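Okay, so the sequence shown: first residue is 25 according to the working numbering, each after it adds one. Where a beta carbon is used, it is the ideal one built from N, C-alpha and C, also for glycine. Treat the numbers as computed from the prediction; the structure is a model and nothing was measured. Reviewing the structure listed below.
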Amino acid sequence: MALKRFEEGSSCSSQAEARAKALKAKKAVLKGIHSHKKKKITTSPTFRRPKTLQLQRQPKYPRKSALRRNKLDAYAIIKLPLTTESAMKKIEDNNTLVFTVDVKKLYDIDVAKVNTLIRSDGEKKAYVWLLIMMLWILPTKLEYLNWVQLANS
Numbered sequence: 025m026a027l028k029r030f031e032e033g034s035s036c037s038s039q040a041e042a043r044a045k046a047l048k049a050k051k052a053v054l055k056g057i058h059s060h061k062k063k064k065i066t067t068s069p070t071f072r073r074p075k076t077l078q079l080q081r082q083p084k085y086p087r088k089s090a091l092r093r094n095k096l097d098a099y100a101i102i103k104l105p106l107t108t109e110s111a112m113k114k115i116e117d118n119n120t121l122v123f124t125v126d127v128k129k130l131y132d133i134d135v136a137k138v139n140t141l142i143r144s145d146g147e148k149k150a151y152v153w154l155l156i157m158m159l160w161i162l163p164t165k166l167e168y169l170n171w172v173q174l175a176n177s
């Protein structure tokens, strides 16, 4: 197979590039381009089909007509603060609020600790220990809430 003759006007560098390209092709033909491929080592005798492309579902219409409403908002979890004699004593002595069961969200106060129990009538009672800096803010909020409840009833 004869190589094409270059024109006399062509530069020496293009001849060198062509020669290098030809040598590279010759080397690839002799050696092969797939010689570096390694065989994957199998560690299990059972064949597991690979996980293929899983596209996101794009339904034509929603399967549920309306989204479910979140029933556990702050007002459903905490109903009202207990105002019994023992609850008032706990507020005065132990810095502890007593609720018939998210204190932080409802009254916008920081809480140190919460203990809960289920009362005999089935309601959940929560003992809420307040941070000391919240002691002065909360009574005014509770007093206002009790006044609003009395006005509405």
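May I have the straight-line CA-CA distance separating residue i from residue j, to the nearest angstrom?
i: LYS45; j: PRO69; result: 46 Å
i: LYS63; j: ILE57; result: 15 Å
i: THR76; j: ASP97; result: 41 Å
i: LYS84; j: PRO74; result: 29 Å
i: SER144; j: GLN80; result: 49 Å
i: GLU41; j: LYS61; result: 29 Å
i: THR66; j: LYS88; result: 46 Å
i: ALA136; j: GLN82; result: 46 Å
i: LEU54; j: SER37; result: 26 Å
i: ILE133; j: LEU155; result: 9 Å
i: LEU106; j: ASP117; result: 15 Å
i: ASN94; j: PHE71; result: 45 Å
i: ALA49; j: GLN78; result: 41 Å
i: PRO86; j: GLY146; result: 38 Å
Enumerate in chain order the residues of its own chain whose CB-to-CB distance from residue i is below 8 Å, with the five nearest sequence positions on each side excluded.
i: TYR99; result: LEU130
i: VAL138; result: VAL127, ALA150, TYR151, VAL152, TRP153
i: LYS148; result: THR124, VAL125, THR140, LEU141, ILE142
i: LEU91; result: none
Just reading off the beta strand (DSSP E) that residue i is part of, what are its end residues?
i: ALA136; result: 135–142
i: ALA100; result: Looking at the DSSP string, ALA100 is not in any beta strand (DSSP E); the run it does join, the alpha helix (DSSP H), is 98–101.
i: LYS148; result: 148–154
i: PRO121; result: A small correction: the amino acid at residue 121 is Leu; Pro does not occupy that position in the sequence shown. Counting along the chain, the beta strand (DSSP E) containing LEU121 begins and ends at 120–124.
Would you kindly check if the distance between the Cβ of residue j and the Cβ of residue i is under 9 Å?
i: PHE123; j: ILE102; result: yes
Among the residues of its own chain, which have a CB less than 6 Å from the CB of residue i, if the five just before and after it don't count?
i: THR120; result: LYS114, TYR151, TRP153
i: ALA111; result: VAL122
Where does the unbroken alpha helix (DSSP H) through residue i begin, and where does it stop?
i: TYR131; result: 127–131
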